[in-house]
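Numbering (this note's numbering), first residue to last: 9 to 185. Glycine included, each C-beta is placed from N, C-alpha and C at the ideal position. Take a look at the structure below.
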């Protein structure tokens, strides 16, 4: 916000010196501050409300809205995502997206089951042999639990299955929850 305010004040002073504007350079600072906040956080209405309330002048709302709209248009032209999400992707931080990739829009979870080996799909009540065969697939970390009729009842993680296979816990089958 400080950078936006400084840039806005500089632009306002420059426009005033060139005779392009009769507005006070502080108005440009307010618009620049809101535009910078909105460009980083992508909170259009909140940015306008915060900045207009801070200066206690509702007559600035339309020009602040215009500045925020321009900053959003520039941001969308430069980045596919918001600043926070862009930093997460560039630093390659582990982060679960809020939305699935567009390639998966027409699919449901059950459509992904054929990608798994047959032994990796667990029945609701599995024998020790079935659990061991599923664990033999080292590249699978989560195992869907399915009925014979097809609906996916849930998933179970590799670590949970490995805990169940531990010989200190005798059992012959388990039920999916």
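| Check | Outcome |
| --- | --- |
| C-alpha distance - residue 10 paired with residue 38, whole-angstrom precision | 10 angstroms |
| Residue range of the unbroken alpha helix (DSSP H) whose run includes residue 162 | Taken as a continuous stretch (DSSP letters only), residue 162 belongs to no alpha helix (DSSP H), being part of the beta strand (DSSP E) at 160–165. |
| Reduced DSSP secondary structure (H/G/I, E/B, other) of residue 129 | coil |
| Test item: CB-CB of residue 46 and residue 55 under 8 angstroms | yes |
| Exposure label - residue 41; buried when at least 16 CB within 10 Å | buried |
| Run of the alpha helix (DSSP H) containing residue 17, from where it starts to where it stops | 10–25 |
| Same chain, Cβ closer than 8 angstroms to residue 155, five either side skipped, listed in chain order | 131, 132, 161 |
| Reduced DSSP secondary structure (H/G/I, E/B, other) of residue 179 | Its pLDDT being 46, under 50, residue 179 is placed unreliably by the model, and nothing is read from it. |
| Counted within 10 angstroms of its Cβ, other Cβ atoms place residue 79 as buried (16 or more) or exposed | buried |
| Other residues of its chain near residue 148: CB distance less than 8 angstroms, five sequence neighbours each side excluded | 124, 125, 128, 142, 166 |
| Terminal residues of the beta strand (DSSP E) in which residue 141 lies | No beta strand (DSSP E) contains residue 141, which is instead part of the alpha helix (DSSP H) from 136–143. |
| CA nearest to the CA of residue 2, picked from 12, 90, 144, 159 | Outside the shown range of the chain (9 to 185) lies residue 2, about which nothing can therefore be said. |
| Whole-number beta carbon distance between residue 172 and residue 139, since they are thought to touch under 8 angstroms | 6 angstroms |
| Inter-residue spacing [alpha-carbon to alpha-carbon] between residue 110 and residue 95 | 21 angstroms |
| Residues near residue 91 by beta carbon distance below 6 angstroms, same chain, minus five either side | 48 |
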